[in-house]
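For reference, the structure discussed in these notes is given below.
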Amino acid sequence: MDFASTLLIAAVAWLGLRAHYQRTRIALLGRHLAGLQLERHMETLTQGYTRAIHEASEARQIQVLETFAAAERSVAAQVRTLAEAMQQEGAQATCMSMLPVCLPYAERILPLPTRDFRALLRIHAAGLRHVVDNGGRWSPKDRAYHLSAELYLLQHSCHWYCKSRAVADARLTLRHQVTHRQALDAASDATRSAYLQWMRGAA
């Protein structure tokens, strides 16, 4: 067998392994999302905030933002439910590689830098609750701005866990025209501080 054929077989095998690895993670997260309406509420809020910003007057912006109060409370409660449910999973199943690309199962056999998805979900749950409760005493527009960033970061984390950090970065930019750094900067101070500690492995 020549080198090209060997390389092709290895590439096909690696792609198959990666697909299986990612499907397993998607299924695990999907199992805990089943029964929740988290994705629908997140879409309602991100689209609704954008619509509110484009209202002509500030009074009308605030009026529109106030209509999302129930969805905001539901998102905060359901992210907390998700975070608590994920605590049932073992460390191996919730381990996230800090590498930009997906190397299936590499974190189990190589000394790679990793982080715990369960800890990250707890950060998101606390951050969303803080902003929904207006812990920073923000104006309605500023509160919506911070809450949008919290939701973007949550989406990014789920994509990172299921796929890879690079895929999560690309999807965030493609869907919302926001970089990961911009979303993190726009989140509340409490979330940003906890998130950066998690990134450093100090959480």
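For the sequence shown, position 2 (counting from the first letter as 1) is numbered 91 according to the numbering used here, and the numbering increases by one without interruption.
No residue lacks a Cβ here, since even glycine has one placed at the ideal position from N, Cα and C.
Original post:
When the Cα of Pro112 is compared with those of Ala275, Leu171, Lys252, which residue comes out closest?
Top reply: Checking the displayed sequence, the identity of residue 112 turns out to be Arg instead of Pro. Checking every option, the nearest Cα to that of Arg112 belongs to Lys252.
**OP:** Would you kindly report the start and end of the unbroken beta strand (DSSP E) that includes Thr203?
**Re:** It spans 203 to 205 - the beta strand (DSSP E) in which Thr203 sits, taken as one unbroken run.
**OP:** Name the one or two DSSP bridge partners that Met185 has.
**Re:** Its beta-bridge partners are Arg204.
**OP:** Put Pro229 into one of helix, strand or coil per three-state DSSP.
**Re:** DSSP places Pro229 in helix when its eight states are reduced to three.
Original post:
Counting Cβ pairs closer than 8 angstroms, one from the stretch 206 to 224 and one from the stretch 164 to 181, do we hit at least three?
Top reply: Yes, since at least three Cβ pairs between the stretch 206 to 224 and the stretch 164 to 181 fall closer than 8 angstroms, the two stretches touch.
Subject >> Residue range of the alpha helix (DSSP H) that includes Val164 >> reply: First-last of the alpha helix (DSSP H) with Val164: 158 to 175.
Original post:
Near Leu154, what residues of its chain come up, given a Cβ to Cβ distance below 6 angstroms and the 5 sequence neighbours on each side ignored?
Top reply: Around Leu154: Ala141, Pro229, Ala233.
Subject >> Leu242 and Gly225 closer than 9 angstroms at C-beta >> reply: Taking 9 angstroms as the Cβ cut-off, Leu242 and Gly225 do not qualify as a contacting pair.
Original post:
To which residues of the same chain is Leu201 closer than 8 angstroms at the C-beta, ignoring the five residues directly before and after it?
Top reply: Cβ within range, chain order: Ser186, Met187, Leu188, Leu192, Ala195.
Original post:
Helix or strand or just coil, what does DSSP make of Val267?
Top reply: Correct three-state label for Val267: coil.
**OP:** Indicate the three-state DSSP secondary structure (helix, strand or coil) for Glu144 in the structure shown.
**Re:** Annotated three-state conformation of Glu144 is coil, per DSSP.
**OP:** Give the single residue among Arg204, Ala238, Ser163, Leu106 whose Cα lies nearest to the Cα of Gly179.
**Re:** Closest in C-alpha terms to Gly179, from the list Arg204, Ala238, Ser163, Leu106, comes Arg204.
**OP:** Just tell me which of Asp91, His219, Ser237, Leu125 has its CA closest to the CA of Gln271.
**Re:** Taking only the C-alpha atoms, the option nearest Gln271 is Ser237.
**OP:** Tell me whether Cys251 sits in a helix, a strand or coil according to DSSP, three-state version.
**Re:** In the three-state reduction of the DSSP assignment, Cys251 falls in the helix class.
Original post:
Excluding sequence positions up to five away, which residues of its chain have a Cβ less than 6 angstroms from the Cβ of Ala159?
Top reply: Taken in chain order, the list of residues that qualify is empty.
Subject >> For His219 and Val164, the rounded distance between their alpha carbons >> reply: Rounded to whole angstroms, the gap between the alpha carbons of Val164 and His219 is 12 angstroms.
**OP:** Count the other CB atoms, across all protein chains shown, that sit within 10 Å of the CB of Ser246; report buried if there are 16 or more and exposed otherwise.
**Re:** Per the 10 Å Cβ criterion, buried.
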